[in-house]
Amino acid sequence: MQFSLGPILYYWPKAEVEAFYQAAADSQADVIYLGETVCAKRRELKTKDWIGLARELAESGKQVVLSTMALIEAPSELTMLKRYCDNDDIRIEANDVSAVQFLSERRQPFVVGAAINCYNPQTLKQFVDLGMTRWVMPVELSRDWLVNMLNGCDALGIRDQFEVEVTGYGYLPLAYSARCFTARSENRAKDDCELCCLNYPNGRLTESQEGQAVFVLNGIQTQSGQCANLVNDLPSMQGLVDVVRLSPLSLDTLHWIDKFRANQAGTQPQPLNHDCNGYWHHLAGMTQVIG
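Heads up: the sequence shown begins at 1 in full-length UniProt numbering, then just goes up one per residue.
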């Protein structure tokens, strides 16, 4: 089993992003995803900066993947997407079907990200035929669903043609919208947001009237209010999952990679505190299952 660092989903200053990836180069992550996937207005790093970082990390021995935007809204964003796809030496994670089209036309292998709705083996076969080599399972699906999906892929004769990646740590993107919820929470228009996402390095928490964490607002993303953590569910992934993804929250995420790697056989379980793992167990997402 391999472990990956997903793309940074939040808006961090350029110096913090570069410091994070300098540390990531020495971490136990096997795969590192890079790039802006949430909002094209987040320009602390330009496309050339992401590509430069990708090449530096590849030289350190990491498998590197450039992640595309999950919601394409403007011609300028298509131009940026094409620049990503024109890099034949760096694999791309497609988070929008337009990226799949560009990559399939170029006959480039690609990763299908969790932002693309894919819930049955027939859809996976279409992506395999177009060049998919890894599928990142949508965050709300369960182990039982994955088993059924892979059994269906066996029947279609494609099971050995792609890897399976599961999001194992981080706040889960549950929905995307053309609106910017972070700007709205500050009574700002999206076009006049003043880049307020910089004020919330791990998104803006929203609570119920009873004080329960419900959602995290991250630009156009609505995320889970609790951090998902499947560190103690790794034994149940054996034979099903090839890569487990950790979504960066801070430098501490790199220490979680060590904890995940140490607990692959379930011999070093970790306290979950307020984290959740319900979706994996086919329960409400904010549920915490122990044992």
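Yeah, the Cβ is synthetic: ideal placement off N, Cα and C, and Gly gets one too.
Three-way DSSP call (helix, strand, coil) for residue i in this model
i: residue 106; result: coil
i: residue 93; result: strand
i: residue 208; result: coil
i: residue 21; result: helix
i: residue 13; result: coil
i: residue 28; result: coil
i: residue 124; result: helix
i: residue 40; result: coil
i: residue 99; result: helix
i: residue 130; result: helix
Alpha-carbon to alpha-carbon, residue j and residue i
i: residue 30; j: residue 76; result: 32 Å
i: residue 243; j: residue 175; result: 23 Å
i: residue 58; j: residue 132; result: 21 Å
i: residue 7; j: residue 249; result: 10 Å
i: residue 169; j: residue 256; result: 9 Å
i: residue 51; j: residue 20; result: 16 Å
i: residue 105; j: residue 159; result: 23 Å
i: residue 100; j: residue 94; result: 6 Å
i: residue 97; j: residue 41; result: 21 Å
i: residue 204; j: residue 140; result: 21 Å
i: residue 155; j: residue 280; result: 24 Å
i: residue 121; j: residue 143; result: 15 Å
i: residue 126; j: residue 185; result: 40 Å
i: residue 36; j: residue 187; result: 24 Å
Integer-rounded CB distance, given that residue j should sit under 8 Å from residue i
i: residue 90; j: residue 111; result: Incorrect: roughly 11 Å between the Cβ atoms, too far for contact.
i: residue 103; j: residue 66; result: Between residue 66 and residue 103 the Cβ distance is about 11 Å, and since that is not below 8 Å, they are no contact.
i: residue 216; j: residue 223; result: 4 Å
i: residue 164; j: residue 231; result: Contact doesn't hold; Cβ gap of about 18 Å is too wide.
i: residue 70; j: residue 115; result: 4 Å
i: residue 266; j: residue 234; result: 7 Å
i: residue 237; j: residue 147; result: At roughly 11 Å, the Cβ-Cβ gap does not stay under 8 Å, so residue 237 and residue 147 are not in contact.
Contact check, residue i vs residue j, beta carbons under 8 Å
i: residue 117; j: residue 138; result: yes
i: residue 10; j: residue 201; result: yes
i: residue 270; j: residue 277; result: no
i: residue 124; j: residue 85; result: no
i: residue 24; j: residue 5; result: yes
i: residue 253; j: residue 219; result: no
i: residue 275; j: residue 229; result: yes
i: residue 28; j: residue 179; result: no
i: residue 136; j: residue 161; result: no
i: residue 3; j: residue 246; result: yes
i: residue 38; j: residue 221; result: yes
i: residue 78; j: residue 68; result: no
In chain order, which continuous runs of the alpha helix (DSSP H) of length 4 or greater are located wholly inside the stretch 134-198?
Taken in chain order, the unbroken stretches of alpha helix (DSSP H) that lie wholly in the stretch 134-198 and span 4 residues or more are 143-156 and 181-185.
Continuous beta strand (DSSP E) assignments of at least 3 residues falling wholly in the stretch 215-291:
Taking only runs of at least 3 residues, the beta strand (DSSP E) segments lying wholly in the stretch 215-291 are 221-224 and 243-246.
May I have a chain-ordered list of the alpha helix (DSSP H) segments no shorter than 4 residues that lie completely inside the stretch 52-86?
With a minimum length of 4 residues, the continuous alpha helix (DSSP H) runs that stay inside the stretch 52-86 are 75-85.
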